[in-house]
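These protein sequence lines are chains A and B, in that order.
This note's numbering puts the first residue of the first sequence at 15, with every later residue one more than the last.
This note's numbering puts the first residue of the second sequence at 7, with every later residue one more than the last.
Beta carbons: idealized from backbone N, C-alpha and C, even for Gly.
Bear in mind the structure is a predicted one, so any value in this text is a computation, not a measurement.
Notes follow once the structure below has been shown.
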Amino acid sequence: MKRWTRSSSRLALVLGALAMVAAACGSTDDTTTTTAAAAPDDTTTTTAAATTTAPPEAMTDVTLQLQWFTQSQFAGYYAAVDQGFYEEVGLNVEILEGGVDIVPAVVLDSGAADFAISWVPRGLVPREEGLDITNIAQPFQRSATLQVSFKDAGITGVEDLAGRTVGNWGFGNEFELLAGLRSAGLDPETDVELVQQQFDMLALISGDIDAAQAMIYNEYAQVLETVNPDTGELYQPEDLDVINWNDVGTAMLQDAIWADEGRLASDPVYRETAVKFVEASLRGWIYCRDNPGSCVDIVLAAGPTLGESHQTWQLNEINALIWPSPLGVGIMDQALWDQTIDIATSEAILDAPPTAGAFITDIAQEAVDNLKSAGLDVIGNDWQRVDVVLVAGGD
Amino acid sequence: MTIGASSDPGTSAAVADEVRRYERRVAIRMAVRRVAVFVSFLVVLAFAYTGYKAFGGAIDDAQTEWPVVGSFLPRSDDLTMPPLLDIAAEVSVPPQRNNAKPLGVFVLEAALFTLREAALGFFLGVILGIGIAVLLVRSKWLERGVSPYIVASQTIPLVAIAPIVIIWGRTSLDWLPFTWEDWMSVALIATYLTFFPVAVNGLRGLHSPAPEDVELMASYAATPNQTLVRLRLPASTPYLFVAFKLAATVAVVGAIVGEISAGVRGGLGRLILDFAGRYTTGPERLYVSVAGAAALGILAFGLVTLSQRFVRAARVRESVST
Chain A
15 MKRWTRSSSR
25 LALVLGALAM
35 VAAACGSTDD
45 TTTTTAAAAP
55 DDTTTTTAAA
65 TTTAPPEAMT
75 DVTLQLQWFT
85 QSQFAGYYAA
95 VDQGFYEEVG
105 LNVEILEGGV
115 DIVPAVVLDS
125 GAADFAISWV
135 PRGLVPREEG
145 LDITNIAQPF
155 QRSATLQVSF
165 KDAGITGVED
175 LAGRTVGNWG
185 FGNEFELLAG
195 LRSAGLDPET
205 DVELVQQQFD
215 MLALISGDID
225 AAQAMIYNEY
235 AQVLETVNPD
245 TGELYQPEDL
255 DVINWNDVGT
265 AMLQDAIWAD
275 EGRLASDPVY
285 RETAVKFVEA
295 SLRGWIYCRD
305 NPGSCVDIVL
315 AAGPTLGESH
325 QTWQLNEINA
335 LIWPSPLGVG
345 IMDQALWDQT
355 IDIATSEAIL
365 DAPPTAGAFI
375 TDIAQEAVDN
385 LKSAGLDVIG
395 NDWQRVDVVL
405 VAGGD
Chain B
7 MTIGASSDPG
17 TSAAVADEVR
27 RYERRVAIRM
37 AVRRVAVFVS
47 FLVVLAFAYT
57 GYKAFGGAID
67 DAQTEWPVVG
77 SFLPRSDDLT
87 MPPLLDIAAE
97 VSVPPQRNNA
107 KPLGVFVLEA
117 ALFTLREAAL
127 GFFLGVILGI
137 GIAVLLVRSK
147 WLERGVSPYI
157 VASQTIPLVA
167 IAPIVIIWGR
177 TSLDWLPFTW
187 EDWMSVALIA
197 TYLTFFPVAV
207 NGLRGLHSPA
217 PEDVELMASY
227 AATPNQTLVR
237 LRLPASTPYL
247 FVAFKLAATV
257 AVVGAIVGEI
267 SAGVRGGLGR
277 LILDFAGRYT
287 TGPERLYVSV
297 AGAAALGILA
307 FGLVTLSQRF
317 VRAARVRESV
327 ST
């Protein structure tokens, strides 16, 4: 039957050709993998802080799931890859970026990643629901969440939020705000109008909301990268009022390194890997503290659409969240943990305080001791904020 | 030979030739007309956009107590609606100061990356969809039993399945002879959307031959397989192409949403999310990347339309030559 065969063979031909188009597109570039760079380079940090001095012959493959995309928030890990710190301790680390619907704790628990970066409450909630994970290091010792408003709104303290339209991102980002409101004697249900806010600052700048939620290292800087139509210049910090939850006392702990709890107990090799991973990661953060310029370049190379001045600002603020770390970088501050748990339970994020083992310090302590004996400053008392000049658009 | 000679049965080749030439002329004329219409609509849209901006700005200046623009009409300021020329200019601006690569190149590369996911998703969806249709046309029971589940599958939101597919891809596929990458999982997410129109329309197409045609096949003692291959499948071609067009655009959407959901780097979804988060400081970048997504959707649709014309031309030639 000629009649059907010829047109059908053409149909098949078309499908085949389109399939080849698809295959041709496939040959472009490889995607998420960011593996260790070439030879480790010790020009800036004087001493090698490796547990083993020579790179071991067998490299262990490790995957790290981030909570969000490449940005200076994760600079330490990218620096540890780029500077070969992971390689020196025998790890071949692949960094997996987060997504809108990716919950790092779930990815970690499923075994799709060996370690994960997650805010403390966002790790504890799934843990309460039965995930087998634990916090093994706490690099960020402060919260980065702010409530930002323009000067003319006159919101200088939490109590000034009464009767205002207050933006927040929801989805678990609002608890410091809610606890802060309650601490000032305000009822979040009736005394303020809480509205869901986009992940940009348009609503604040357009005047739709009186105060906007902002991360000090991200959205706050975005306001300062926007031209004020009244002056024709960028908005200045003097134009803004800021409520900082660290000062109010309702800050909750953010970026922490999480590991698989059961695997730590049953698999001594994994535990050893965890020590190495934490050690090299913290060394990455020390590198970013001491070499902010080079560290930003590493981030920019990993995220080629990111703006330079914005990421420089971000790293500066991220450093301020880490340093100084009086107990040693990455070691949990019990008081801040307790504060986080208090808010989490009183705001009913958690039904009950987490069971024992929600965080452990022995791995971080071992890592810090190794770094210390290698002559690195693990506390960072001397670190100081630098002045970052933001440019329009954060370019 | 002239057209007049076509009454001679020996010159059917010449007729076919003539038909082919005529077809080509019509095709070219249609293509030109189509492009002209597309471009003029683009111009109209650009005028409407700019006009609304001017109108909105004027109203905005005049309004005091009862704001119209910004309440039930969208805002028209430069942050909400950047001037078109600014958007066009942004294409050549590098997003990073020390990196010479302009935004347009980023969008192009991202579009290729997303096209790869969408294309794979499209083909898997077409294969799966036709497979389901062929299976269901065999048995009324199967059709009644399975159809509700096919419909139900489309009510599960992508955001629910995307993380599952990603984690499954990373943990359960290490037995494959090649390394499974996240973008392949995104293609599977796109497949989830593309198989549906193909299965539904394909089934309709397979049912489309008139009963007397089916009975004729039966009278030839044709097996169900022969009926399928010689009657039902050719009859379903127009239905399938409608489905392919739907599937092609849906594959692009699925790939973009899948990327956003799963955080896969390299494609348009990731680029859009990236620039959406920084909208305040550079709305033009988001507009450029969204325009890239729109162009990709049109390209996918256009490819299917072109291939349909190619197949149809073959059929016309066959009907003339046989």
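Where residue i sits in the DSSP three-state scheme
{"i": "D356(A)", "result": "helix"}
{"i": "A339(A)", "result": "As written in the sequence, residue 339(A) is Ser, which differs from the Ala given in the question. Note: S339(A) maps to coil in three-state DSSP."}
{"i": "N258(A)", "result": "strand"}
{"i": "V220(B)", "result": "helix"}
{"i": "F213(A)", "result": "coil"}
{"i": "F164(A)", "result": "strand"}
{"i": "I169(A)", "result": "coil"}
{"i": "V25(B)", "result": "helix"}
{"i": "Q152(A)", "result": "strand"}
{"i": "S214(B)", "result": "coil"}
{"i": "W147(B)", "result": "helix"}
{"i": "F373(A)", "result": "strand"}
{"i": "W272(A)", "result": "strand"}
{"i": "I345(A)", "result": "coil"}
{"i": "E239(A)", "result": "coil"}
{"i": "G186(A)", "result": "coil"}
{"i": "E108(A)", "result": "strand"}
{"i": "T179(A)", "result": "strand"}
{"i": "L164(B)", "result": "helix"}
Beta carbon proximity, residue i to chain B, threshold 9 Å
{"i": "T126(A)", "result": "Looking at the sequence provided, one finds Ala at residue 126(A) rather than Thr. Taking Cβ atoms only, chain B reaches closer than 9 Å to A126(A), which makes this a yes."}
{"i": "P318(A)", "result": "yes"}
{"i": "E331(A)", "result": "no"}
{"i": "F185(A)", "result": "no"}
{"i": "N232(A)", "result": "yes"}
{"i": "I257(A)", "result": "no"}
{"i": "E239(A)", "result": "yes"}
{"i": "T46(A)", "result": "Model confidence at T46(A) stands at a pLDDT of 38, short of 50, so the residue's coordinates are unreliable and nothing is read from them."}
{"i": "V121(A)", "result": "yes"}
Counted within 10 angstroms of its Cβ, other Cβ atoms place residue i as buried (16 or more) or exposed
{"i": "P153(A)", "result": "buried"}
{"i": "Q210(A)", "result": "exposed"}
{"i": "L48(B)", "result": "exposed"}
{"i": "A2(A)", "result": "There is no way to answer for residue 2(A), as the model of chain A reaches only from 15 to 409."}
{"i": "Q328(A)", "result": "buried"}
{"i": "I257(A)", "result": "buried"}
{"i": "N207(B)", "result": "buried"}
{"i": "W5(B)", "result": "With chain B represented from 7 up to 328, any question about residue 5(B) goes unanswered, as that position is not in the structure."}
{"i": "F129(A)", "result": "buried"}
{"i": "Q87(A)", "result": "buried"}
{"i": "Y234(A)", "result": "buried"}
First and last residue of the uninterrupted alpha helix (DSSP H) at residue i
{"i": "Q210(A)", "result": "Note, Q210(A): premise wrong, no alpha helix (DSSP H); beta strand (DSSP E) at E207 to Q210."}
{"i": "Q79(A)", "result": "Element bounds for Q79(A): not the alpha helix (DSSP H) but the beta strand (DSSP E), T74 to Q79."}
{"i": "D92(B)", "result": "L90 to E96"}
{"i": "S124(A)", "result": "P118 to S124"}
{"i": "T287(A)", "result": "P282 to D304"}
Cutoff 9 Å: residue i Cβ touching any chain A Cβ
{"i": "A282(B)", "result": "yes"}
{"i": "F112(B)", "result": "yes"}
{"i": "A168(B)", "result": "yes"}
{"i": "Q102(B)", "result": "yes"}
{"i": "N207(B)", "result": "no"}
{"i": "D83(B)", "result": "yes"}
{"i": "L302(B)", "result": "no"}
Residue interval of the beta strand (DSSP E) (run including residue i)
{"i": "Q227(A)", "result": "A225 to M229"}
{"i": "S132(A)", "result": "F129 to S132"}
Specify whether the segment 157-177 of chain B and the segment 95-109 of chain B touch according to this definition: at least 3 beta carbon pairs, one from each stretch, less than 8 Å apart.
-> no
Could you tell me whether the segment 195-213 of chain B touches the segment 254-272 of chain B, using the rule of 3 or more Cβ pairs below 8 Å?
-> yes
Would you say the segment 274-287 of chain B touches the segment 113-127 of chain B, given that touching needs at least three Cβ pairs under 8 Å?
-> yes
Could you tell me whether the segment 267-277 of chain A touches the segment 112-129 of chain A, where touching means 3 or more Cβ pairs closer than 8 Å?
-> yes
Pairing CB atoms from the segment 83-95 of chain A with CB atoms from the segment 300-318 of chain A, are three or more of them under 8 Å?
-> yes
Is the segment 128-146 of chain A in contact with the segment 163-171 of chain A, if contact means three or more CB pairs nearer than 8 Å?
-> no
Counting pairs of beta carbons, one from the segment 74-81 of chain A and one from the segment 145-153 of chain B, are three or more of them closer than 8 Å?
-> no
Are three or more beta carbon pairs between the segment 296-313 of chain B and the segment 119-130 of chain B nearer than 8 Å?
-> yes
Looking at C-beta atoms only, is the number of pairs between the segment 96-107 of chain A and the segment 243-250 of chain A that lie closer than 8 Å three or more?
-> no
Counting pairs of Cβ atoms below 8 Å between the segment 327-344 of chain A and the segment 292-304 of chain A, do you hit three or more?
-> For the pair of segments examined, the segment 327-344 of chain A was found to touch the segment 292-304 of chain A: the number of CB pairs separated by less than 8 Å reaches three.
Would you call the segment 284-297 of chain B and the segment 210-224 of chain A in contact, with 3 or more CB pairs under 8 Å?
-> Short answer: they touch.
Evaluate contact between the segment 185-204 of chain A and the segment 142-149 of chain A, counting only Cβ atoms and requiring at least three cross-stretch pairs below 8 Å.
-> no
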